[in-house]
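Each protein sequence line maps, in turn, to chains A, B, C and D.
Each position in the first sequence, counted from 1, maps to that position plus 28 in our numbering.
Each position in the second sequence, counted from 1, maps to that position plus 28 in our numbering.
Each position in the third sequence, counted from 1, maps to that position plus 28 in our numbering.
Each position in the fourth sequence, counted from 1, maps to that position plus 28 in our numbering.
Backbone N, C-alpha and C fix where the C-beta goes; we use that ideal spot for every residue, glycine too.
Given the structure is predicted, the values throughout are model-derived calculations rather than measurements.
There are 4 protein chains.
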Amino acid sequence: MNQYIKFNPSKRYDLILLGRVAVDFNPTDYNCPLSQSTTFKKYLGGSPANIAVGLARLGKKCGFFARISDDELGTFVEDFFIHEGIDTSHIKRCTNGEKIGLTFTEIRSATESSILMYRNEAADLKLDVSDIDEDYLSQTKALLISGTALCESPSREAALKALLIAKRMEIPVIFDIDYRAYNWKNEDEIAVYYSLVASKADIILGSREEFDLTERLLDLNGTDSNSAAYWQKQGASIVVIKHGKEGSVAYTNDGQQYRIKPFPVKLLKSFGGGDGYASAFLYGLMEGWDIMDALEFGSASAAMLVASHACSQDMPTVREVNEFIAKEKAEYGEMVARG
Amino acid sequence: MNQYIKFNPSKRYDLILLGRVAVDFNPTDYNCPLSQSTTFKKYLGGSPANIAVGLARLGKKCGFFARISDDELGTFVEDFFIHEGIDTSHIKRCTNGEKIGLTFTEIRSATESSILMYRNEAADLKLDVSDIDEDYLSQTKALLISGTALCESPSREAALKALLIAKRMEIPVIFDIDYRAYNWKNEDEIAVYYSLVASKADIILGSREEFDLTERLLDLNGTDSNSAAYWQKQGASIVVIKHGKEGSVAYTNDGQQYRIKPFPVKLLKSFGGGDGYASAFLYGLMEGWDIMDALEFGSASAAMLVASHACSQDMPTVREVNEFIAKEKAEYGEMVARG
Amino acid sequence: MNQYIKFNPSKRYDLILLGRVAVDFNPTDYNCPLSQSTTFKKYLGGSPANIAVGLARLGKKCGFFARISDDELGTFVEDFFIHEGIDTSHIKRCTNGEKIGLTFTEIRSATESSILMYRNEAADLKLDVSDIDEDYLSQTKALLISGTALCESPSREAALKALLIAKRMEIPVIFDIDYRAYNWKNEDEIAVYYSLVASKADIILGSREEFDLTERLLDLNGTDSNSAAYWQKQGASIVVIKHGKEGSVAYTNDGQQYRIKPFPVKLLKSFGGGDGYASAFLYGLMEGWDIMDALEFGSASAAMLVASHACSQDMPTVREVNEFIAKEKAEYGEMVARG
Amino acid sequence: MNQYIKFNPSKRYDLILLGRVAVDFNPTDYNCPLSQSTTFKKYLGGSPANIAVGLARLGKKCGFFARISDDELGTFVEDFFIHEGIDTSHIKRCTNGEKIGLTFTEIRSATESSILMYRNEAADLKLDVSDIDEDYLSQTKALLISGTALCESPSREAALKALLIAKRMEIPVIFDIDYRAYNWKNEDEIAVYYSLVASKADIILGSREEFDLTERLLDLNGTDSNSAAYWQKQGASIVVIKHGKEGSVAYTNDGQQYRIKPFPVKLLKSFGGGDGYASAFLYGLMEGWDIMDALEFGSASAAMLVASHACSQDMPTVREVNEFIAKEKAEYGEMVARG
C-alpha cells in the first residue's frame, strides 16, 4: 500500500463516485464541423461515469451516487453500468421530466475537438441531500467527488453533505475538479465551492487551469509548487496537476514530486484521456504501487483513450494497459513517459 | 382558387409558419428499444419545420418565426432551411444557453414508435412578442400557428400576438393543433389556449384526440360533425379531423364534408405522415384545387413519409407525389384513397 | 331591469368576482414621503375585494374565486369577508409559502398618492384552473374578472377558464381592466390578454389609459367612440371609459352614450374611488336602473371613498350614498354630477 | 484587549456586517392575534441591521454589505443607517423589483410572540459575489456574517466569498447563526452551510437549537461542552451558546467557561433581545473587557430590548446600559445576572 492514503481493506466498495452520468453522441463522419456530421454513435459518458467504468474494467468494485432520467436513455446507462459490474443501487430516476445530460462531440481534426452539451434541467444536478445514504457511504474505501456536481443546487448540497460525512467517517476523499463551464454563474462561485471542497480533500486532480479557477480568491501565485503546498497545508496528501501535452506532476505531502509525460500515439480526438488517466492512476494507488508506477499506468490509459472513438466503452483492462506500455517501451524506450 | 379561403396573390410569401424547429435523431439500428439502438441519423425536425420543407419541395415560398440555439445544431437547421429556399430572416438565435429541441425516435416495429423529446429550456419556446414583425407578417398569404408554440410563455404570447395581428390584417390563419404533452401543465390550460386560437382560425387541422383536448371546456359531444359545426360558427372555413388508419374528413363551411383514406404502403415508422399530409393538402388549397384533390395529394405525401427514414429530408416534390399516386392507382385502383 | 344586460334572478349570487384579495397599509401620518411615515392602519384591499365589499354594503350577495396566504393576514381578510357577508367557500389558502399581496400607500398630498406593492410570489396569482368550480360559477348572475388576474400564470389560465365557462353558460361577464404594472412582462402581453378577455366581455370598465393598453395591437385611433364601437362589435353591451377628474362615459350597444362628472369633495387621497364607482354602478345596473342613475350612484360612492382613509372599510350603504347625493345636490344643484 | 481575539486597531471600521436589512411592523394594539391588530409602527429591522445600530449607539463604527429595495422602504432604511452613523457605501439597491424583507410581529402576550415574514424575492438575498469589495473588507477589524445570508443563492455565495477573503486577510470572523426557517429547503442544507462557515469562524453566537442545526451531520452529542470543544478544534476562539431564560455560556479556547443570566425585567415582547445581547457583548470584546463583563453588558442590553417596543430604534447607549445595570444591581444585588 502506498504511504500517502490508507484505504480500509474491510470495506465492500473500492470507490463510490458522486456526479454526473451522461450520454455521449460521437460522430462517425468527423473531421468537419458538428453541423455537417450526419451520423452519431451513442455511448455512456460523463467524467465520473467514465472513471467508474475505467476502474471496473481494471477489476475494482465501484458504487455511485447519481440521478438519471426516467426514460430509455436512463435505462441505457443503467444497463451499461450493470453490465460492467458497477453497483447501481444508489442511482435514482428523476421524476419531474429532467433529462440525462448529453454531449455531442465535434471532431474537426485530431487536435481540434469541442463539445456541445445539453445540461438544462439535467438529471444529474437533481441529486439531492436525501440521496446521500450514510450507510452506503460507510461501505467504501474512498469517495470521489466530481467538481461538476458543485455547479448547481441541489446537487451542490448533496456533494457537500457527502463530503462532510466522509470526513467524519475518515473515508479518503478524491476531488476531481472536472470543470465544465455550463451551469456555473460566475468565477467567484466556482472558486468558493472548488476551494471549500479542495480544502477537505485527500487527493486533488486537475489541470493547471482548473487549479487557477480553484485558487482565484486565494492570492497564490499560480505555480504548481505553491498550489501543492497550499492544499497540502489544508490537509491534502496527493495533488496532481495536469499540463496537457506537457505531461503532469504529482506532489505528495512528504515534499516529493513525480513527473509523467504522455505516451506518443496517433490521436483520434482530444478528449477522454483525463478519465482514463484518473481511473488507472487511482487503480495504481489502490494497489499500493509507487506513485511513478501509478502515474505511468494512468498516462498509458489516457493515451489509449485519445486514440479510440468512445470514452467509456473503450476503457482498457489491466492486461491491455500493460500490453500497451510494453509495446510503447519496445518502440520508444523504457523511459518514454517517465523521461 | 378554392372558394373557402382567399389567398392574396400579391403577397411575397405563400406561408409564414410559427413554431418549433428541432433536430431529430432517428436510429439506423431499429426494431428494438431506444436504449439498445447504437447509431443515429441527424435530421431537421419539428412539425412546422417539416411542413415548411414539405411546401418548399412543392415549390412554395415559406417564411418562419422561430428561435433556435446559438450553436452548431442551430447552424445545421438554418443551413438546411437556406438550402431548401426557406426564408430565415426571422429565425433568431437564443442568447441565454437555450438549446434547440431534440427528438430521439424509438422504432420498436413498423407500428410501435415512440419519441423521447428534449424540451427543457427549448430554444423555440423563447420566441418573444418582440420577434413578431408586423411588416414581415403583412407579406404573407397565410400564417400557420403550431399548437406547440402555445405550451409555454413567452412563445405563447408571441403566437397570440401574431394571431391577433394576422386577424387584423385579414391574413388567413391555419391552426395545426400539433399536440405534444411536454411542457403543458394541465389539460385545462391546453383547452384554454387551443380553443382561443381555434376560435379565430380559418383552417384547423388536428386528430380527433386533438379536437377533444381543444373542446374540453366546451361541452360538445365529441363527434366530428359537432366539432366542425362549432368551429365554423366561430369563423373557421375548413376543419380537418384525422382518424389515423381510418383516414380523415374535411368539413367546409358550406356544409360539405370530404373523406380520404390512407394509401396502402409498407410502413417503416408510424410518425412523420401528418407533416407530409399538412404540407401537401395546403399546397392543393393554395393551388385552388378541389378539396378532394388536395386531400388525396396530402394522403399520398403522408404515405410516402411513413415509408421513409427521415421526415424533413424525405419530403417529396410535386412530380414524386404524382408518380406515387399514379403507381398506387395502377396497383390498387383509381379510388384507392377516395373509396 | 336595464335593457342591456339580463341578470338571471333565479341565481343564488348577484356577483362572483375573480382576482386579488390584498392588504392595504395606509399611513396615519401622511402628507410626507412613505419613507417618513411611521404609523400605518391595516385594511382589506385589492380592487375586486373592495368591489365585493362595496356591493355587500349595498345589499348584494357576492362570491369570490381567490387564493390567500395561510397566515394571520390571510385570516384577517377571510374574517373581514365573512363579517361583510361575502361567501368565502371558494377562497383557498396557498400551501407553498406564498404571501398575500400588500399595498403601502404613500399620500404626499391630497392629489399626489402613490403605492408600493408587494406582489412577488403573491398568493392571488396562484389561483389555479382547478380552483374554478363550474357548479359554483353556475350559481351567479354575473362574473367579474379583474384584469390583474391575467398578469401571470397560473392565475391567468384560471381567469381564462372561468371566462370560457361563463360564456358557455351565458353568464354575463364584467371585465374590470384594473391595470397594475407589477408582474406584467411587456406591453404586448398586456394587449394580448386584455383584448382576448375584452372581446368576450359584456361590460368593460376602464380608464382611457387602460383602453389604450388593451387596444395596442388593434390599430384603433384611441378615441372613446372608436373603442366603444369596436368592443360592441365584439359583443360588449356596455363600455365605460373613465377620464379621472373629467368624469366618465358609458356607451351602450344601442348607440347611446351617458356622461357623468365627479362630485365635488375634499380629497384625502387619490385612490379607492374606482372601486366605489364600480360597485355602486354595478349595483344600479343590477337594480335595473337607468344608466344615468347608475352612473350618478357610482360617482357618488367614488367621491365618498377618496375623502376617506380606507377603501374597503369605508364603503357606503345605499342610505349613505343617497344621503351624500342629496347633500351634494342641495349644496351644488341637481345637475352637480350630470352637468 | 481580551486575549482571545486580536482586533487590528489601525482599521477604519470596527465591524462590517453582512446580511439582511429589513423593515419591522410592530402592532401598537397588541396582546391579540396579528389578524386583529389594526395599527402598526414601522421600524428598521433584521438581526444584523439591529446589531449594527446597537454597536453604533455604543460608539462603534460599522459598515455593511447588503442589498435593499429601490423604493421608499429602501430609502427609509438607508436614511436610518445614515442617521445612526453607519457607513452605507456598500448597501446597494436591487434593480429587478426585489423588495426589502418585512417582519410583522404578533405579540399575543409578553411571552407569546411570533413573526410573519415577507421573504419571497427578498432584496437581501440578492447580495452578489460582485458586491463583496475586497478593499472595503480590508478596512475592518472584524466581519460579522449572519447565518440568514446563507439560506439562498446568490447571497449564500457572497457570504462565502467574504468569509474566504476575510480568512485570507486574517480578519476575525463572527458567525451569528441567526436561524430563520424561511427560504431554507431542508435541514441537511442548513447543516452543510452553517457548519462550513462555523468551521472557519473565530466567534460563534447561537442558541442551543441553532447549534443543533449546525451540528446535525457531525454526530456530536448535543451538549454545550462538546459543541464548544468541536468548534474550538476547528479554530474558533469563543463559542457562545444561548439558552433563553436559562441564560447563556461563553466557552473560550483556553478551556474556560463563563455563565450569565438574564436581568429580571417586565417583558413587552419576546424578541429583539438577541440583537441587543450580540451588539453589547461584541462591544465589550472590542473594548478588551473581561469576558464576564462583556457578557453582563450584553445581557443588560438584551433585557432593555425585550422591555421596549422596537428593536433597532430602542438600542441603548453605553450610559443607558450602565445606568440600567446599576439600577438592577441596586434592586436585586450585585450578582443579579452573574449568579
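Please state whether the Cβ-Cβ distance between residue i and residue j is less than 8 Å.
i: D/G82; j: D/A278; result: no
i: B/I202; j: B/L241; result: no
i: A/S174; j: A/D230; result: no
i: B/F92; j: B/T67; result: no
i: B/D42; j: B/K88; result: yes
i: C/A306; j: C/D204; result: yes
i: A/A150; j: A/G129; result: yes
i: B/S183; j: B/L155; result: yes
i: B/I119; j: B/E162; result: no
i: D/E237; j: A/D216; result: no
i: A/V349; j: A/K297; result: no
i: D/D303; j: D/S75; result: yes
So which of the options has the shortest CA-CA distance to residue i?
i: C/L62; options: D/K261, D/S65, D/D107 and D/I33; result: D/D107
i: D/E134; options: D/L246, D/V364, D/H337 and D/V349; result: D/H337
i: D/V364; options: D/G300, D/Y311 and D/F291; result: D/F291
i: D/K34; options: D/T168, D/K355, D/K189 and D/R244; result: D/T168
i: D/K273; options: D/R40, D/G283, D/A330 and D/N36; result: D/A330
Within the same chain, show all residues whose beta-carbon is closer than 6 Å to that of residue i, passing over the 5 residues directly before and after it, in chain order.
i: C/I353; result: A328
i: C/T345; result: R85
i: A/K270; result: S235 and S276
i: A/M29; result: Interpretation of A/M29 is limited by its pLDDT of 48, a score under 50 that renders its predicted location unreliable; the figure taken from the coordinates is listed afterwards. So the qualifying residues of the chain are G316.
i: B/N36; result: K169
Whose C-beta lies closer than 7 Å to the C-beta of residue i among residues of the same chain, with five residues either side of it excluded?
i: A/G73; result: A50, V51, D52, T131, C339 and S340
i: D/I218; result: W212 and L241
i: D/I288; result: G275, S276, L323, E324, S327, A365 and R366
i: C/A80; result: L45, C90, F92 and I114
i: C/G250; result: D240
i: C/A187; result: L46, I173, A177 and L178
Using 8 Å as the limit for Cβ to Cβ distance, is residue i near chain A?
i: B/Y207; result: no
i: B/K127; result: yes
i: D/N15; result: No information on residue 15 of chain D is available, as it lies outside the stretch 29 to 367 that chain D covers here.
i: D/V201; result: no
Quick one: is residue i near chain C, going by C-beta distance under 8 Å?
i: D/Y221; result: no
i: D/D163; result: no
i: B/D216; result: yes
Any beta carbon from chain B within less than 8 Å of residue i's own beta carbon?
i: C/R95; result: no
i: C/S181; result: yes
i: C/V225; result: no
i: C/R196; result: yes
Is residue i near the ligand HEM, judged by its Cβ being under 7 Å from some heavy atom?
i: A/D52; result: Of the ligands one can find in the structure shown there are none, so the ligand HEM has no counterpart to examine.
If I measure Cβ to Cβ from residue i and keep anything under 8 Å in the same chain, skipping five residues before and after, which residues do I get?
i: D/L248; result: N254, S255 and Y258
i: C/I143; result: T131, F132, T133, E134 and F299
i: B/D321; result: G312
Answer with yes or no whether the minimum CB distance from residue i to chain D is below 8 Å.
i: A/L245; result: yes
i: C/M29; result: With a pLDDT of 48 at C/M29, under the threshold of 50, the modelled position of this residue cannot be trusted, and the question is left open.
i: C/C339; result: no
Could you run through the segment 37-68 of chain B and flag, in chain order, every residue whose CB is less than 8 Å away from some CB of chain F?
Protein chains in the displayed structure are A, B, C and D, and chain F is not among them.
Contained beta strand (DSSP E) runs [length at least 3] in the segment 42-121 of chain D, N- to C-terminal order
With a minimum length of 3 residues, the continuous beta strand (DSSP E) runs that stay inside the segment 42-121 of chain D are 43-46, 50-55, 67-73, 90-96 and 119-121.
Can you list the alpha helix (DSSP H) stretches of 4 or more residues lying completely in the segment 149-212 of chain B, in chain order?
Segments of the alpha helix (DSSP H) lying fully in the segment 149-212 of chain B: 162-165 and 183-196.
Which ranges would you report for the beta strand (DSSP E) in the segment 269-298 of chain B if only whole runs of at least 3 residues count?
Note on the segment 269-298 of chain B: whole beta strand (DSSP E) runs with a minimum of 3 residues are 276-280 and 285-288, in chain order.
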